[in-house]
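The block underneath contains the structure these notes are about, expressed in structure tokens.
Structure, rendered in structure tokens:
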């Protein structure tokens, strides 16, 4: 409360990254009363089974998928549309279709998704696993942006037998326009105070080394976009 009292609510939104395991609905409401603007839940895993394996019983943790969703839905009720969301890590064993179905579910609830590319940290329990392939990451980044901000639905997209995106639900020229804008490939996180400030939380190099950027903490330049097009590996944005 002492901290939020010093923040100008007209200038900086106050965001909460919660610990649902230790919270009840009253705690969510209390944070809103204290001046929080945005409430997020770190689901991280895209499916209940993945959550259980990486955040729950599989790592001797008390966290439960059902409890995380309970608090997320409380946040929807307390904070309202566009003021709540979930963190999702891409590349933990889910398919592209599974993670994008979760993105769609969050949008349908009135919230947003904040994506991270899996990046194994030395010394962690998952440091033996590979980082998310860049082609997978770029497809999910682009598709997530289209679902969150362009009104495209996951049902309009096409996927192959392994759940990989093969079509983005828009004409090729429109997909190319979105790629050229570059916003889809910037860090996705809590927005700023203004509608067009969808990448206010930039977390520089939080999910990749600077030599192979996953989430751009700045606007991608022409050279960056050329690399992104190669990484996407879809004909519509080649060249």
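Numbering (this note's numbering), first residue to last: 1 to 239. For glycine and all other residues, C-beta sits at the position ideal for the given N, C-alpha and C. These figures come from a predicted structure and were not determined experimentally.
- Counting the other Cβ atoms within 10 Å of the Cβ of residue 83 gives 16 or more, which makes it buried.
- Looking at the backbone, the Cα of residue 89 and that of residue 203 are separated by about 14 Å.
- Distance from the Cα of residue 41 is smallest, within the candidate group 114, 30, 225, 107, for 114.
- Taking C-alpha positions only, residue 227 is separated from residue 159 by approximately 23 Å.
- Distance check between residue 75 and each of 37, 56, 100 places 37 closest, using alpha-carbon atoms only.
- Minimum Cα-Cα distance from residue 129 among the listed residues 34, 48, 91 corresponds to 91.
- Of all alpha-carbon atoms in 77, 62, 143, 3, the one lying nearest the alpha-carbon of residue 101 is that of 143.
- For residue 44, the enclosing beta strand (DSSP E) begins and ends at 38-44.
- A residue is called buried once 16 or more other Cβ atoms fall within 10 Å of its Cβ, and residue 4, having fewer, is exposed.
- Cβ contact annotation for residue 50 (same chain, cutoff 7 Å, sequence separation greater than five): 92, 93, 94, in chain order.
- Here the C-alpha atom of residue 215 lies approximately 14 Å from the C-alpha atom of residue 179.
- The region 58-78 and the region 10-26 touch, with no fewer than 3 CB-CB distances between them shorter than 8 Å.
- A distance below 7 Å between beta-carbons, with the five flanking residues on each side excluded, links residue 166 to the following residues of its chain, in chain order: 158, 159, 160.
- In the DSSP assignment, residue 15 forms a beta bridge with 38.
- The beta carbon of residue 233 is closer than 7 Å to those of 135 in its chain, skipping five residues each way along the sequence.
- In this structure, residue 147 lies away from residue 99, with their beta-carbon atoms at least 8 Å apart.
- The beta carbon of residue 28 sits closer than 7 Å to those of 39, 71, 74, 75, 78, all from its chain and outside the five residues before and after it, given in chain order.
- According to the DSSP assignment, residue 51 belongs to the alpha helix (DSSP H) that extends over 48-54.
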